[in-house]
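Just so you know, numbering that gives the first Met the number 0 puts the end of the sequence shown at 520, numbered straight through with nothing missing.
All C-beta atoms, glycine included, are put in the ideal place defined by N, C-alpha and C.
Just so we're clear, the structure is a prediction, and the values are computed from it rather than from any experiment.
Working notes for the structure below.
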Amino acid sequence: MKQQVALAAVTTTAATVMAVVALVRQYWKAKQDRQWGKCQRILRKFSRDCSTPVPKLWQVANAMVSDMGASLSSSDEATSSLNMFVSYASPLPTGINEKGMYYGVNLRQTKILMVCGRLQGKNQPISDLYVDEVPIPSSVMIGTSQELYDYIAAELVKFVSAHPEKDDEAPANEKKLGFTVSSGDDQSTAISGSNIKLKNFAADTTGVKDLITGMNRALEKHGLKLRVHALVSIFTCLHYSINIVYKRHFRVDSDSRIEQVDDIVGNLAGGRYYDKDCVAAITLGIGTNAAYVDTTQSAPRWHDSLPKKGEIVVCMEWGNFNTCHLPITQYDTSLDAASSNPGHRIFEKMISGMYLGEIVRRVLVRMAQEASLFGQSVPPKLLIPYLLRSPDMAAMHLDTSEDREVVHEKLKEIFGITNLTTMARELVAEVCDIATERGARLAGAGTVAIVKKLGRIANRRSVIIMEGGLYEHYRIFRNYLHSGVWEMLGNELSDNIVVEHSHGGAGTGPLFLAASPTPDS
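Okay, structure coming up:
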């Protein structure tokens, strides 16, 4: 009897334990389902808010066209989110007569970048392209400006000797040298009025005219038949000018008037060299910008300064573009508020490589906080802004393995996240896809806007060249951009816009600008 009672008690206890275990499992299963459902709802809302159907893309494109016109208008009442400016780099290369070896120097924070390339005319590709990077010794950095110029000239002698002109190319007179000064992310170089501040150098401030004179003196001293030149101003006949870069190129003439020539203008010059129908250049990398060729009549704001006819190059600074039609999400709003320039460069914050990874990270943070996507606690590293770089985001997005192994490895490497299910990895990849598709299609809308502003959509071929790692290396981004342009134009008109990667290669823009003909020629 006692044994029967004991057996019954054990059986009852076991049943109770099993029931409790079942309830616990059911509870956790229900909780996990609720959390997963919450993740899905966050994802669906993010997808809806980022949606870019064709009508939305046309609203964005039309708004950009309107802002472009207002930015160039002479009316004080015209308002625009764009702060476009005319770059006096015209005329651009023709691709026919530009021949010979051209040299350029880029003064960076602690290095000198020297570049040379041979143009062969007749739309032939650039050849014999060489780039050499030389560190600047500390003794030079603490010395005088002239000591710096002498050091550059001495290094340039070695570079030119290693990559000389051919005998039939050697000019009888002095030849142009493209000279640029670049700033890093810490803005170690700045231009104010006619002064250049080099914060890493002891002689940290130099006048533009002093820099030109000092550099040319050093070149002559070292026996180089090169002089610091850029394009001759289209307004006055000047003896020399210089390309200087501070996140954009500045062309500075001998009267110390600064003419802004953005880096993108060099890409546009290269595009025109290869194809006479090239009308615009767009950079899609860590940052973004665009420039296009227009007529002098299109810029009444500078009507008194421009020649009566001819082409001009307009730098858009399109990262500043903003309109109520942009599909802005709560994540964009929080990113902008936490940035160093809230309320500015909204378009750039939606399409450029600097911010795409950060947008994805912010979505994942919300999923982790509200739906425990990565466990009961939020991984500490996930809360660090900008820790997810766009190249890593692209690698996860491009992962085609069955179990999304690249997603797993990247999350582990960057955020210390492990033991993530395949479904969760798929969800992370979907977040990357949504942010990428929106950014690329908005860039496509901007591309169409430029061609529409020029009145070339209906009946003229227009080539747009693209530069930057986001376009060059991120295949899905590139495909989304192309498909967005195609959807906007349809079968009948899509062939009128040709979007292609730039031909010359990074750093060759100043060479093409240096080779551009002067108005007299």
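Using the three-state DSSP reduction, which class does residue i fall into: helix, strand or coil?
{"i": "residue 484", "result": "helix"}
{"i": "residue 189", "result": "Confidence in residue 189 is poor, its pLDDT being 40 and thus under 50, which makes the residue's placement too unreliable to answer from."}
{"i": "residue 392", "result": "helix"}
{"i": "residue 225", "result": "strand"}
{"i": "residue 410", "result": "helix"}
{"i": "residue 401", "result": "coil"}
{"i": "residue 440", "result": "helix"}
{"i": "residue 508", "result": "helix"}
{"i": "residue 129", "result": "strand"}
{"i": "residue 141", "result": "coil"}
{"i": "residue 456", "result": "coil"}
{"i": "residue 427", "result": "helix"}
{"i": "residue 350", "result": "helix"}
{"i": "residue 496", "result": "strand"}
{"i": "residue 245", "result": "Any reading at residue 245 must be qualified, since the residue scores a pLDDT of 30, below 50, and its modelled position is unreliable; the value itself is stated next. Three-state DSSP puts residue 245 in coil, outside helix and strand."}
{"i": "residue 72", "result": "coil"}
{"i": "residue 286", "result": "coil"}
{"i": "residue 49", "result": "coil"}
{"i": "residue 38", "result": "helix"}
{"i": "residue 380", "result": "helix"}
{"i": "residue 164", "result": "coil"}
{"i": "residue 332", "result": "helix"}
{"i": "residue 373", "result": "coil"}
{"i": "residue 420", "result": "coil"}
{"i": "residue 211", "result": "helix"}
Going by DSSP, name the residue or residues bridged to residue i.
{"i": "residue 279", "result": "291, 463"}
{"i": "residue 174", "result": "225"}
{"i": "residue 113", "result": "104, 131"}
{"i": "residue 98", "result": "119"}
{"i": "residue 86", "result": "312"}
What is the C-beta distance between residue i and residue j, in whole angstroms, given that I count them as a contact (C-beta under 8 angstroms)?
{"i": "residue 223", "j": "residue 155", "result": "6 angstroms"}
{"i": "residue 423", "j": "residue 41", "result": "At roughly 13 angstroms, the Cβ-Cβ gap does not stay under 8 angstroms, so residue 423 and residue 41 are not in contact."}
{"i": "residue 160", "j": "residue 213", "result": "Incorrect: roughly 22 angstroms between the Cβ atoms, too far for contact."}
{"i": "residue 176", "j": "residue 103", "result": "7 angstroms"}
{"i": "residue 511", "j": "residue 124", "result": "With a Cβ gap of about 12 angstroms, residue 511 and residue 124 do not count as contacting."}
{"i": "residue 53", "j": "residue 487", "result": "6 angstroms"}
{"i": "residue 311", "j": "residue 295", "result": "6 angstroms"}
{"i": "residue 74", "j": "residue 314", "result": "Actually they are not in contact, since the Cβ atoms of residue 74 and residue 314 sit about 21 angstroms apart, beyond 8 angstroms."}
{"i": "residue 501", "j": "residue 266", "result": "5 angstroms"}
{"i": "residue 560", "j": "residue 442", "result": "Residue 560 is absent from the model: the chain starts at 0 and stops at 520."}
{"i": "residue 522", "j": "residue 492", "result": "Absent from the structure is residue 522, since the part of the chain shown begins at 0 and ends at 520."}
{"i": "residue 468", "j": "residue 284", "result": "5 angstroms"}
Assign residue i to one of two classes, buried (16 or more other C-beta atoms within 10 Å of its C-beta) or exposed (fewer than that).
{"i": "residue 490", "result": "exposed"}
{"i": "residue 521", "result": "Lying before the first or after the last residue shown, residue 521 is absent from the chain, which here runs from 0 to 520."}
{"i": "residue 528", "result": "Nothing can be reported for residue 528, as the shown portion of the chain is limited to 0 through 520."}
{"i": "residue 425", "result": "exposed"}
{"i": "residue 307", "result": "exposed"}
{"i": "residue 351", "result": "buried"}
{"i": "residue 531", "result": "There is simply no residue 531 to check, as the chain begins at 0 and stops at 520 in what is shown."}
{"i": "residue 466", "result": "buried"}
{"i": "residue 347", "result": "buried"}
{"i": "residue 496", "result": "buried"}
{"i": "residue 385", "result": "exposed"}
{"i": "residue 49", "result": "buried"}
{"i": "residue 319", "result": "buried"}
{"i": "residue 383", "result": "exposed"}
{"i": "residue 431", "result": "buried"}
{"i": "residue 127", "result": "exposed"}
{"i": "residue 336", "result": "exposed"}
{"i": "residue 403", "result": "buried"}
{"i": "residue 323", "result": "exposed"}
{"i": "residue 400", "result": "exposed"}
{"i": "residue 192", "result": "Reliability fails at residue 192, whose pLDDT of 36 lies under 50, so the model's placement of it is uncertain and the value that follows must be treated cautiously. The residue in question, residue 192, is exposed, as its Cβ has fewer than 16 Cβ neighbours within 10 Å."}
{"i": "residue 82", "result": "exposed"}
{"i": "residue 254", "result": "Low confidence applies here, because residue 254 scores a pLDDT of 32, under 50, leaving its location unreliable and the question unanswered by this model."}
{"i": "residue 361", "result": "buried"}
{"i": "residue 374", "result": "exposed"}
Would you check if the stretch 292-299 and the stretch 360-369 touch, i.e. whether three or more CB-CB distances between them fall below 8 angstroms? Per the Cβ contact rule, the stretch 360-369 is not in contact with the stretch 292-299 (fewer than 3 Cβ pairs under 8 angstroms).
Any 3 or more C-beta pairs closer than 8 angstroms across the stretch 120-140 and the stretch 276-295: No, they do not touch.
How about the stretch 469-482 and the stretch 61-70: do they share at least three Cβ pairs that are nearer than 8 angstroms? In the pairwise beta carbon analysis, the stretch 469-482 is classified as not touching the stretch 61-70: fewer than three pairs are separated by under 8 angstroms.
Cβ pair count under 8 angstroms reaching 3, the stretch 343-358 against the stretch 424-443: They touch, by the three-pair rule.
Given 8 angstroms as the limit, is there contact between the stretch 406-419 and the stretch 437-455, that is, 3 or more CB pairs closer than that? With a cut-off of 8 angstroms, the stretch 437-455 and the stretch 406-419 do not count as touching, because too few Cβ pairs lie within range.
Could you check whether the stretch 113-124 touches the stretch 88-98, counting it as contact only if at least three pairs of C-beta atoms, one from each stretch, sit closer than 8 angstroms? Taking one beta carbon from each stretch, the stretch 113-124 and the stretch 88-98 have 3 or more pairs nearer than 8 angstroms; the two touch.
Any contact of the stretch 263-280 with the stretch 454-466, i.e. 3+ C-beta pairs under 8 angstroms? Under the three-pair Cβ rule at 8 angstroms, the stretch 263-280 counts as touching the stretch 454-466.
Measuring CB atoms only, is the stretch 441-459 touching the stretch 54-68, in the sense that at least three cross pairs come out at less than 8 angstroms? Yes, since at least three Cβ pairs between the stretch 441-459 and the stretch 54-68 fall closer than 8 angstroms, the two stretches touch.
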